[in-house]
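Asker: Position in the sequence shown (from 1) plus 213 gives the number in this note's numbering.
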Amino acid sequence: MVKFNLTYLMMALMFWSSSELWAKDIRLFGKITDKNHQAVFAANIYLSANPHLLTASDEEGCFQLDIPERFLNDSLVVSFIGYKSHRKALKDLPSNEFLEIVLQEDWTRLDAVVLEQNPEVSEEFSLEKMDRLEIYLSPVAAGDPLNALTVLPAATNTAESANPSFRGSEAQASQVVLNGINISNPVRNTQMSGMGNFSLFNTELIQSLRVHAGNPPLSFGNSLAGLVDIKSTKQLQASQTQIALSMANIGVLRSQKIGEKAFFQLYGNYQFSGPYLYLNDCQDMLSAFSSRDLGINAHATWKKSSFNYYAYFINEDYQGKEFYQHQLRNSEAWKRRLFGVFNWHYAHQRLFFELNAGHNHSFGRMQVANIDASMAEANYQLNTKLKYFVSDALYLQAGLSNEFMEIDYCQKGEFVEESDSCLHYQLPEAFAYLRWKKERVSLGCGLRSMLTRQEKSEGPMLAGQTHLRYQIDGGSSLQASVGQYYAYCCHSSGDAHIDLQKSRQYALEYDARYGNTHLSAACYHKKENGDVYFAEHGTWQTCQRQMSGLELSWEQEWNGLKLGTSYSFLHSHFRWNGQMYPAANDLPYWLKCLVSYTDENLFSIACSAQLRAGLRYT
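#1: Over what stretch of residues does the alpha helix (DSSP H) that includes Gly487 continue unbroken?
#2: Under three-state DSSP, which class holds Asp605?
#3: Report yes if the C-beta distance between Val253 and Gly274 is below 8 Å; otherwise report no.
#4: Could you compute how far the alpha carbon of Arg549 sits from the alpha carbon of Arg505?
#5: Spell out a yes or no on whether the stretch 586-606 and the stretch 362-379 are touching, meaning 3 or more CB-CB pairs, one atom from each, closer than 8 Å.
#6: I'd like the list of long-range same chain contacts for Leu564, defined as Cβ closer than 6 Å, with 5 residues on each side in sequence excluded.
#7: So does Ala720 have its beta carbon nearer than 7 Å to some heavy atom of the ligand NAP?
#8: Based on DSSP bridge pairs, tell me the residues matched to Phe502.
#9: Starting from Arg829, trace the beta strand (DSSP E) in both directions and tell me its first and last residue.
#10: How is Gln455 classed by DSSP in three states: helix, strand or coil?
#11: Please name the residue in His574, Leu490 and Leu260 whose C-alpha comes closest to that of His299.
#12: Do the CB positions of Tyr480 and Ala461 come within less than 8 Å of each other?
#13: Once the 5 residues before and after Gln718 are set aside, which same chain residues still bring their CB inside 6 Å of it?
#14: Going by other Cβ atoms of all chains shown within 10 Å of its Cβ, with 16 needed for buried, is Ala826 buried or exposed?
#15: For the alpha helix (DSSP H) containing Glu318, list its first residue and its last residue.
#16: Expressed to the nearest angstrom, what Euclidean distance is found between the alpha-carbon atoms of Ser821 and Ser781?
#17: Determine contact between the stretch 447-460 and the stretch 391-402, defined as no fewer than three beta-carbon pairs at a distance below 8 Å.
#18: Report back the beta-carbon spacing between Asp605 and Asp271 to the nearest angstrom; my notes put them in contact at under 8 Å.
#19: Between Glu813, Ile818, Ala797 and Asn814, which has its C-alpha nearest Leu807's C-alpha?
#20: By Cβ distance below 7 Å, which residues in the same chain neighbour Asn249 in space, the five residues on each side in sequence not counted?
#21: Please determine if the stretch 421-441 and the stretch 682-691 are in contact, where contact requires at least 3 C-beta pairs separated by less than 8 Å.
#22: Within the chosen definition, does the stretch 374-389 reach the stretch 554-571 through at least 3 CB pairs nearer than 8 Å?
#23: Could you check how far apart the C-beta atoms of Phe552 and His572 are, in whole angstroms? I think they sit under 8 Å.
#24: How big is the Cα-Cα spacing for Ser288 and Leu316?
#25: To the nearest angstrom, how far is it from the Cα of Met408 to the Cα of Leu266?
#26: Helix, strand or coil: how does DSSP classify Lys651 here?
#27: On the criterion of 16 or more Cβ atoms from any shown chain inside 10 Å, does Asp724 qualify as buried, or is it exposed?
#28: Measuring CB to CB, does Leu636 end up less than 8 Å from Cys703?
#29: I'd like to confirm the pairing. Which residues does DSSP put opposite Gly743 in its beta bridges?
#30: DSSP state of Val353, grouped into three classes?
#31: Please classify Tyr497: is it buried, with 16 or more other beta-carbons within 10 angstroms of its beta-carbon, or exposed?
#32: Which residue or residues does DSSP assign as beta-bridge partners of Leu656?
#33: Label Asp279 either buried or exposed according to how many other C-beta atoms from any shown protein chain fall within 10 Å of its C-beta, with 16 as the threshold for buried.
#34: Can you tell me whether DSSP reads Ser724 as helix, strand or coil?
#35: Any idea what DSSP makes of Arg380, helix, strand or coil?
#36: Can you tell me which of the three DSSP states Val364 falls into?
Pasting the structure below:
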């Protein structure tokens, strides 16, 4: 009797399992679109009561989901950020038929998403990006965001300065932008020439740093060569206090949340030279140094708008010795600087508006031997930008900007040619930019123009650019870009003056990221017209500079170990009196290597090395 029951039970189990095995699944397939019939990429498709049965739409909005027959009483849910969830009972959906599901925008959620991310139409054409952690882990950065850029293949800083230089152009031809406002000469420990060892930015207050090594986006003005776009912190995880102490510095940072949607970050540093010089008595050229600085970043977010204010003040001084006229002379310098950046953003449905305003004031003085030189600078900027997302494939951006710069430079002393120059310019501009994307192809075009004729210009200047990017597959892309630009450059060396420079650039770039492997390659050619300072003659000459280059890089990670290497070739020449001559930074090779290891729980260690040809003229 027991044997019969066991046999019956085994037969019942076999029959049940075979019926389950041969039960047919229901296959749902179709396309997810918006009301404009544009494909929605990466939409979530799942069952309401059984969310483990899920899939996502591809780049064309298509999906396929196999559902066992026993789940027929469930409902299908389609969701995506910025859209209302689409829900429908499975029994009401036809099986084995093509489905077209149209999602409706959820304007309340879309406003919040757009406001938080504030997408720039030019961001997808930037191939280099760093966050706070990457800056800290860079062995060449010393925790400084601008010093971290020197490891990039496109960085061509031949001077010992934190001011970024890209693809052979001078540092002043590139812009460093903080929250939409250009920060001129963004370095401290500066000389009168503008060279400085560290940037003015606190890495703890930085959310992201994006680099445009060439063809800078026209949504930012007065940029000739490259552009560094810095975004300050927009979200704070928790309130905290940090204290830093070193041989020459003490610093305090307080991060404080105010409710769920507001916070501020306040920090200060005091730098002193006593202990450092005592332990490094070989520093014969340095007598004393000190600095006091204070910074704040405040942010608040509402339903459809946000506010941010970033301000920084520094007072620094230096005493040492310098060689002047073949003799070692005492030198003394000090500088005070204050800048502030105000931002207000507003989002409504597919429309995004931003207002950015900034001011920058500095005064510095240097005394060496019988020379007494001083320079005062005042800069004011105001710009507005309007973005409209026509569809997921097309969006537009337009804006107005105005910048005023004034520099007062004075030099006097015995047996020295005295000078007292007051330089200024005003730059009102308008720009328009559009981006169109279809499947794997992205196209961006922009125009920027002066609104009034400036002195020493043939007429209203016009800048334009085109980016074309092709996504080869999920991990690699090929990008071609061409552009023409203009910018004002302020020169304080020798005969102080303001120079209107022009540039034309062509670039082809390849980028591939597969798992823990990153490969990149780029070739470029550009022409720049502007004034060049010849130290041998002590004069400025208007020249045409031509630069062509090649960049190759490889990076690999294995369980916390990172290896990276890059090779750069720079062919740089200038035309003078009808003849072409090699420039000082005509470099046949520039090798950069990086090795780092990071244990998330214990420590991080890194080492870097660079090898390049020497400058032709020193």
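In this text, a Cβ means the ideal position worked out from N, Cα and C, and glycines have one as well. Predicted model only: the values in this text are computed from it and were never measured.
Answerer: In this structure, then:
#1: Sequence index remark: in the sequence shown, residue 487 carries index 274 (1-based). Unbroken alpha helix (DSSP H) run through Gly487: Gly487 to Leu492.
#2: For the purposes of this step, residue 605 is identified with residue 392 of the sequence shown, where counting begins at 1. Residue state for Asp605 is assigned as coil, using DSSP reduced to three classes.
#3: Taking the sequence shown and counting its residues from 1, one reaches residue 253 at position 40. Taking the sequence shown and counting its residues from 1, one reaches residue 274 at position 61. A Cβ-Cβ contact shorter than 8 Å links Val253 with Gly274.
#4: Counting from 1 along the sequence shown, the entry for residue 549 is found at position 336. Counting from 1 along the sequence shown, the entry for residue 505 is found at position 292. When rounded, the distance between both Cα atoms is 10 Å.
#5: They do not touch, by the three-pair rule.
#6: Counting from one through the sequence shown, the residue named residue 564 turns up at place 351. The answer, listed in chain order, is Tyr601.
#7: No copy of the ligand NAP appears in this structure; indeed no ligand is present at all.
#8: Within the sequence shown, residue 502 is the residue found at index 289, counting from 1. Tyr531, per the DSSP bridge assignment.
#9: Mapped onto the sequence shown, residue 829 falls at position 616. Premise fails: Arg829 is in no beta strand (DSSP E) and is neither H nor E.
#10: In the sequence shown, counting from the first residue as 1, residue 455 sits at position 242. Strand at Gln455.
#11: Taking the sequence shown and counting its residues from 1, the one referred to as residue 299 is at position 86. Answer by Cα proximity: Leu260.
#12: To locate residue 480, count along the sequence shown from 1; it is residue 267. To locate residue 461, count along the sequence shown from 1; it is residue 248. The Cβ atoms of Tyr480 and Ala461 do not sit closer than 8 Å to each other.
#13: Position 505 of the sequence shown, counted from the start, is the residue given in the question as residue 718. Residues of the same chain with a CB within less than 6 Å of the CB of Gln718, apart from the 5 flanking positions on each side, are Gly427, Asn428, Gly696 and Lys739 in chain order.
#14: Working through the sequence shown from its first residue, we reach residue 826 at position 613. Ala826 comes out exposed.
#15: Taking the first residue of the sequence shown as position 1, residue 318 is located at position 105. In the DSSP assignment, Glu318 falls outside any alpha helix (DSSP H) and carries neither an H nor an E.
#16: Here residue 821 refers to the residue found at position 608 when the sequence shown is read from its first residue. Here residue 781 refers to the residue found at position 568 when the sequence shown is read from its first residue. Cα to Cα, the separation comes out at about 16 Å.
#17: No: fewer than three Cβ pairs fall under 8 Å.
#18: Locating residue 605 in the sequence shown gives position 392, counting from the first residue. Locating residue 271 in the sequence shown gives position 58, counting from the first residue. At roughly 14 Å, the Cβ-Cβ gap does not stay under 8 Å, so Asp605 and Asp271 are not in contact.
#19: As a first step, residue 807 is located in the sequence shown; it is residue number 594 there, counting from the start. Selected option, being the one with the closest Cα: Ile818.
#20: Your numbering for residue 249 matches position 36 in the sequence shown. The beta carbon of Asn249 sits closer than 7 Å to those of Ser604, all from its chain and outside the five residues before and after it, given in chain order.
#21: Counting C-beta pairs with one atom in each stretch, the stretch 421-441 and the stretch 682-691 have fewer than three that are closer than 8 Å, which means they do not touch.
#22: The stretch 554-571 and the stretch 374-389 do not touch, with fewer than three beta-carbon pairs separated by less than 8 Å.
#23: Working through the sequence shown from its first residue, we reach residue 552 at position 339. Working through the sequence shown from its first residue, we reach residue 572 at position 359. Phe552 to His572, Cβ: 6 Å. Contact.
#24: For the purposes of this step, residue 288 is taken as residue 75 along the sequence shown, with counting starting at 1. For the purposes of this step, residue 316 is taken as residue 103 along the sequence shown, with counting starting at 1. For Ser288 and Leu316, the gap between their C-alpha atoms comes out near 16 Å.
#25: Taking the first residue of the sequence shown as position 1, residue 408 is located at position 195. Taking the first residue of the sequence shown as position 1, residue 266 is located at position 53. With a pLDDT of 45 at Met408, under the threshold of 50, the modelled position of this residue cannot be trusted; read the value that follows with caution. CA-to-CA, the gap between Met408 and Leu266 works out to about 59 Å.
#26: Position 438 of the sequence shown, counted from the start, is the residue given in the question as residue 651. Here Lys651 sits in strand by DSSP.
#27: On the sequence shown, position 511 is the one that residue 724 refers to. So Asp724 ends up on the buried side.
#28: Within the sequence shown, numbered from 1, the residue matching residue 636 stands at position 423. Within the sequence shown, numbered from 1, the residue matching residue 703 stands at position 490. Cβ distance < 8 Å, so Leu636 and Cys703 count as in contact.
#29: Taking the sequence shown and counting its residues from 1, one reaches residue 743 at position 530. Answer by DSSP bridge pairing, in chain order: Cys756.
#30: In the sequence shown, the residue the question calls residue 353 occupies position 140. Secondary structure of Val353 (DSSP, three-state): coil.
#31: Your numbering for residue 497 matches position 284 in the sequence shown. Note that residue 497 is Asp in the sequence shown, not Tyr. Counting Cβ neighbours within 10 Å, Asp497 comes out exposed, since fewer than 16 surround it.
#32: Residue 656 sits at position 443 when you count from the first residue of the sequence shown. Under DSSP, Leu656 takes part in a beta bridge, and its partners are Trp649 and Leu681.
#33: Reading the sequence shown from its first residue, position 66 is the one you call residue 279. By the 10 Å Cβ count, Asp279 comes out exposed.
#34: As a first step, residue 724 must be located in the sequence shown, where it is residue number 511. Reading off the sequence, residue 724 comes out as Asp, not Ser. DSSP places Asp724 in strand when its eight states are reduced to three.
#35: Residue mapping note: residue 380 aligns to position 167 of the sequence shown, counting from 1. Three-state DSSP puts Arg380 in coil, outside helix and strand.
#36: Taking the sequence shown and counting its residues from 1, one reaches residue 364 at position 151. Collapsing the DSSP output to three states places Val364 in a helix.
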